[in-house]
Amino acid sequence: MGSFIIEFLFEIAVEAFFHCLPKRSREKILAGHINRLRKEDWFCELERDYRYGYIITQNSRVRKFLSREKNIKLITNVDAEKDKFIKLIEEEHHKFTAVR
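Counting with the working numbering, you get residues 1092 to 1191 for the letters of the sequence shown.
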């Protein structure tokens, strides 16, 4: 329980720090994370898919997810987390293309 609280407080501190960074720095961090993911075959395949390439670079939920170092480590090392990330992209694509 105690480690959960510490991890939660750490996440809040990281988020607060991240929002204090100038936009250019945030964009550089995001670009660096995306470049790291481009070394992964599954990510290149996903990004090349015309349906998901735009979502990866423009969707606010996906961009926020990709801006966190912790998430990058998880999706590159844990298959279940990678599958959750792919599902997130598919869900956001569905929302984007849904008839309103």
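Every residue gets a Cβ at the ideal spot worked out from N, C-alpha and C, and that includes glycine.
- Of the residues assessed, I1146 falls on the buried side of the cut-off, its CB having 16 or more other CB atoms within 10 angstroms.
- Note that the stretch 1175–1189 touches the stretch 1141–1158; at least 3 beta-carbon pairs, one per stretch, sit closer than 8 Å.
- The DSSP-derived three-state label of V1169 is coil.
- Between H1124 and L1165, the C-beta gap is not smaller than 8 Å, which leaves the two residues out of contact.
- For K1130, there is no enclosing alpha helix (DSSP H), as DSSP gives it neither H nor E.
- Residue burial annotation: Y1141 is exposed, with fewer than 16 other C-beta atoms found within 10 angstroms of its C-beta.
- For S1158, there is no enclosing alpha helix (DSSP H), since its DSSP letter is neither H nor E.
- One Cα belongs to D1174, the other to I1096, and the distance between them is close to 27 Å.
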